[in-house]
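Peer 1: Pasting a structure here, questions to come.
There are 2 protein chains.
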Amino acid sequence: MVTKPTLHTCISPALLHLYDLNNAIVVIIDVFRATSTIASALKNGAMAVIPVDTVPKAISISEQIGGIAAGERDGKIADGLSHGNSPLEYSPEFIGGKNLVLTTTNGTRLLYMALENGADTIITGSFPNLSAVCDYLLEQKKNVVLGCAGWKDRYNIEDTLFAGAVISRVKEAFTIHCDSSVTASLLYEQQKDRLLEFAPSLTHYHRLVDRFGLIEDIRFCLTPDVANVLPVYSEGKLLKYPFSAQ
Amino acid sequence: MVTKPTLHTCISPALLHLYDLNNAIVVIIDVFRATSTIASALKNGAMAVIPVDTVPKAISISEQIGGIAAGERDGKIADGLSHGNSPLEYSPEFIGGKNLVLTTTNGTRLLYMALENGADTIITGSFPNLSAVCDYLLEQKKNVVLGCAGWKDRYNIEDTLFAGAVISRVKEAFTIHCDSSVTASLLYEQQKDRLLEFAPSLTHYHRLVDRFGLIEDIRFCLTPDVANVLPVYSEGKLLKYPFSAQ
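Chains A and B, in that order, give the protein sequences. Residues in the first sequence are numbered from 1234 upward in steps of one, following the numbering used here. Residues in the second sequence are numbered from 1234 upward in steps of one, following the numbering used here.
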């Protein structure tokens, strides 16, 4: 009997240390909006997205390499930057052929935590690249940790919903003994046909829509496969997979 | 307009520091089985349940006060003790008029964390005392944190299900902006009429039933109001509320 690889869902960065990342693909999930924006930028021709943890670093690296420095803090464009964390900012005309140096509240932080915890492979996922993520996980046949970025270590629904969407497509190929994964699946199955109607139940919806009017961002971030590329982390950069010859 | 008190759900002890406990009632929830056992023992006439963090402490305190030392580690009776963490062990004949000195893997630990984090009031809840918990929260009109004990800091479903059961009964009296509470509610509403059929989906079910045959414990722990008393923590002891004159 062939043993299937395992799949776990980690619902907050504060729980990441409980999971063995050494032989696992870690999927960084920050639906609103970092990992939606990363997929959008790479889909629209960005050479790479470079995730960094601070605004000064975003500025200095973008100056060195001639890229676009961008990022958000608490849902809005970070002080000192001209570009934020909206997937709709990065059209092919604007981002094509350029590097995007991006810093965000939750997603970038979780990516660095996964790196420090020895993740074998790091990819990023959100509804806009749902199929690309699932295809890759099915192809690789390795253990998987679905890492939800949450909001400042708190659980959030949208990242867990995406974990549920992945699980609903790949579950037959994995051994899943994980209450977080069961919850993610049940939540997704319950809400999958009404994601946009469900969105006002989420705390982060109100942060983004009531305060900043970002309803079009929400719509994009909850639409499957509108930026269906796979960002894979390699030597400081998120690159579109499979990597093209330089 | 009267401002309603807030209600939050904390789905793992590792996230407890994110919540303000200073002006809040913290409900310690360890459905399988500590908080079900605590309710059962007090319902059946225990004078008090004394939660302690180690087996040696359970033994020495029980010797000092002439109580029953009990506890579990990893789902079974802890080494060195004769009594475990099953709500069915504590019949009126056995526990009536005695003190139960109890140490458990998750529930006792969370109780001490809540105490260290400055909780205003600590009570314990599980399905067997669902109504007593809800009545108390509605009567007190204070902020509430529903604290899920989980399993060694991992999220578990059964504790969150109970949080959902509480929320479904008290939500009109509280301001709830909390994705964990929304998830708990949705999960409970989805499963409330089939809790026993749903139980085999939970990892902890398999730990208790497949390994130790404790299906009757599971049944008790998921049945509302079969031990409908309210344990309130006071000076090192969990006592039945309202406290009777000594």
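Ideal Cβ positions, reconstructed from N, Cα and C, are used throughout, including at glycine.
What does Y1421 (chain A) reach in chain B if we use C-beta pairs closer than 7 angstroms?
Peer 2: The premise fails here: Y1421 (chain A) is roughly 11 angstroms from chain B at the closest Cβ pair, so nothing lies under 7 angstroms.
Peer 1: Using only the alpha-carbon positions, how far apart do T1393 (chain A) and V1285 (chain B) sit?
Peer 2: Straight-line Cα distance between these residues: approximately 35 angstroms.
Peer 1: Less than 8 angstroms between the C-beta atoms of V1472 (chain A) and D1386 (chain B), yes or no?
Peer 2: The sequence as given places Leu at residue 1472 (chain A); Val does not occur at that position. Not closer than 8 angstroms, so no.
Peer 1: Can you list the residues of chain B that I1258 (chain A) reaches, using a CB-CB cut of under 7 angstroms?
Peer 2: Going along chain B, no residue has its Cβ under 7 angstroms from I1258 (chain A), so there is no contact; the nearest lies around 20 angstroms.
Peer 1: Grab the span of the alpha helix (DSSP H) containing R1452 (chain B) for me, first residue to last.
Peer 2: From DSSP, the alpha helix (DSSP H) with R1452 (chain B) extends over I1448 to C1454.
Peer 1: Can you give the beta carbon distance from L1428 (chain A) to L1447 (chain A), rounded, assuming they're within the 8 angstroms contact cut?
Peer 2: Not really, about 16 angstroms apart at Cβ, beyond 8 angstroms.
Peer 1: Please confirm whether S1273 (chain B) and D1450 (chain B) have their CB atoms less than 8 angstroms apart.
Peer 2: Not in contact: S1273 (chain B) and D1450 (chain B) (Cβ atoms no closer than 8 angstroms).
Peer 1: Whose Cβ in chain A lies nearer than 7 angstroms to the Cβ of Y1388 (chain B)?
Peer 2: Those are I1244, D1412 and S1413, listed as they occur along chain A.
Peer 1: Could one say the Cβ of S1434 (chain A) lies closer than 8 angstroms to chain B's Cβ atoms, at least one of them?
Peer 2: For S1434 (chain A), the answer is yes, since a Cβ of chain B falls inside 8 angstroms of its Cβ.
Peer 1: Quick check: is the beta carbon of L1251 (chain A) nearer than 8 angstroms to any beta carbon in chain B?
Peer 2: Taking Cβ atoms only, chain B reaches closer than 8 angstroms to L1251 (chain A), which makes this a yes.
Peer 1: Note down the Cα distance separating R1342 (chain A) from A1279 (chain A), rounded to an integer number of angstroms.
Peer 2: Going from the Cα of R1342 (chain A) to the Cα of A1279 (chain A) covers about 21 angstroms.
Peer 1: Do we get a CB-CB distance below 8 angstroms when we pair A1247 (chain B) with the residues of chain A?
Peer 2: By this cut-off, A1247 (chain B) is an interface position.
Peer 1: At 4 residues or longer, what runs of the alpha helix (DSSP H) sit wholly inside the segment 1246-1324 of chain B?
Peer 2: For the segment 1246-1324 of chain B, whole alpha helix (DSSP H) runs of length 4 or above, ordered along the chain, are 1267-1276 and 1288-1298.
Peer 1: Please report the distance separating the alpha-carbon of A1460 (chain A) from that of D1368 (chain A).
Peer 2: Distance between the alpha carbons of A1460 (chain A) and D1368 (chain A): 14 angstroms.
Peer 1: Any idea what DSSP makes of P1464 (chain A), helix, strand or coil?
Peer 2: P1464 (chain A): strand per DSSP, three-state reduction.
Peer 1: Measuring alpha carbon to alpha carbon, tell me which of A:N1362, A:K1276, A:P1433 and A:P1464 ends up nearest S1324 (chain A).
Peer 2: Answer by Cα proximity: A:K1276.
Peer 1: Mind checking which residues open and close the beta strand (DSSP E) that includes V1334 (chain B)?
Peer 2: Per DSSP, V1334 (chain B) belongs to the beta strand (DSSP E) from N1332 to T1336.
Peer 1: Quick check on T1236 (chain B) - is its C-beta less than 8 angstroms from some C-beta in chain A?
Peer 2: Not an interface residue.
Peer 1: Grouping DSSP H, G and I as helix and E and B as strand, with all else coil, what is I1400 (chain A)?
Peer 2: Of the three classes helix, strand and coil, the one that applies to I1400 (chain A) here is helix, per DSSP.
Peer 1: Less than 8 angstroms between the CB atoms is what I'm expecting for I1262 (chain B) and A1396 (chain B), so what's the real figure, rounded?
Peer 2: Yes, they are in contact, since the Cβ atoms of I1262 (chain B) and A1396 (chain B) sit about 6 angstroms apart, within 8 angstroms.
Peer 1: Within a Cβ cutoff of 7 angstroms, which residues of the same chain sit near L1424 (chain B), ignoring the five residues on either side of it in sequence?
Peer 2: First, the residue type needs correcting, since residue 1424 (chain B) is Gln and not Leu in the sequence shown. Within the same chain, Q1424 (chain B) has close Cβ partners L1394 and F1431.
Peer 1: Cβ of S1245 (chain B) within 8 angstroms of Cβ of G1383 (chain B)?
Peer 2: In contact: S1245 (chain B) and G1383 (chain B) (Cβ atoms closer than 8 angstroms).
Peer 1: To test your reading of the DSSP string, which unbroken alpha helix (DSSP H) runs of 4 or more residues are found completely within the segment 1361-1446 of chain A?
Peer 2: Counting only runs of 4 or more, we get 1363-1373, 1390-1403, 1412-1424, 1428-1431 and 1436-1445.
Peer 1: If we ignore side chains and look at the alpha-carbon of each, how far apart do G1351 (chain B) and G1300 (chain B) end up?
Peer 2: Going from the Cα of G1351 (chain B) to the Cα of G1300 (chain B) covers about 28 angstroms.
Peer 1: Could you spell out the range, first to last residue, of the beta strand (DSSP E) harbouring G1358 (chain B)?
Peer 2: Where G1358 (chain B) is concerned, the enclosing beta strand (DSSP E) stretches over T1354 to G1358.
Peer 1: Should E1326 (chain B) go down as buried or exposed, given a rule of 16 or more other Cβ atoms within 10 Å for buried?
Peer 2: So E1326 (chain B) ends up on the exposed side.
Peer 1: For M1346 (chain A), collect the residues of the same chain with a Cβ closer than 7 angstroms to its Cβ; drop the 5 residues on either side in sequence, then sort them by chain order.
Peer 2: These residues qualify, in order along the chain: P1246 and L1249.
Peer 1: Can L1370 (chain B) and V1378 (chain B) be called in contact, C-beta distance under 8 angstroms?
Peer 2: The answer is no: Cβ separation not under 8 angstroms.
Peer 1: Between the C-alpha atoms of I1298 (chain B) and D1353 (chain B), what's the straight-line distance to the nearest angstrom?
Peer 2: Straight-line Cα distance between these residues: approximately 27 angstroms.
Peer 1: Note down, in chain order, each residue of its chain lying with its Cβ closer than 6 angstroms to the Cβ of S1414 (chain B), except the 5 sequence neighbours on either side.
Peer 2: Taken in chain order, the residues that qualify are T1242 and I1400.
Peer 1: Measuring only the C-alpha atoms, how far is I1409 (chain B) from H1437 (chain A)?
Peer 2: The alpha-carbon atoms of I1409 (chain B) and H1437 (chain A) are separated by roughly 14 angstroms.
Peer 1: Since T1242 (chain A) is in the beta strand (DSSP E), which residue starts that stretch and which ends it?
Peer 2: First-last of the beta strand (DSSP E) with T1242 (chain A): L1240 to C1243.
Peer 1: Should T1416 (chain B) be flagged as near chain A, meaning a C-beta pair shorter than 8 angstroms?
Peer 2: Chain A, which has a Cβ nearer than 8 angstroms to the Cβ of T1416 (chain B), makes this yes.
Peer 1: Can you find the residues in the same chain that come closer than 8 angstroms, C-beta to C-beta, to K1374 (chain B), ignoring five residues on each side of it along the sequence?
Peer 2: Only P1238 and A1406 meet the Cβ criterion.
Peer 1: For D1412 (chain B), is the classification buried or exposed, using 16 other Cβ atoms within 10 angstroms of its Cβ as the cut-off for buried?
Peer 2: Label assigned to D1412 (chain B): buried.
Peer 1: What first and last residue would you give for the alpha helix (DSSP H) that runs through T1341 (chain B)?
Peer 2: Taken as a continuous stretch (DSSP letters only), the alpha helix (DSSP H) holding T1341 (chain B) covers G1340 to E1349.
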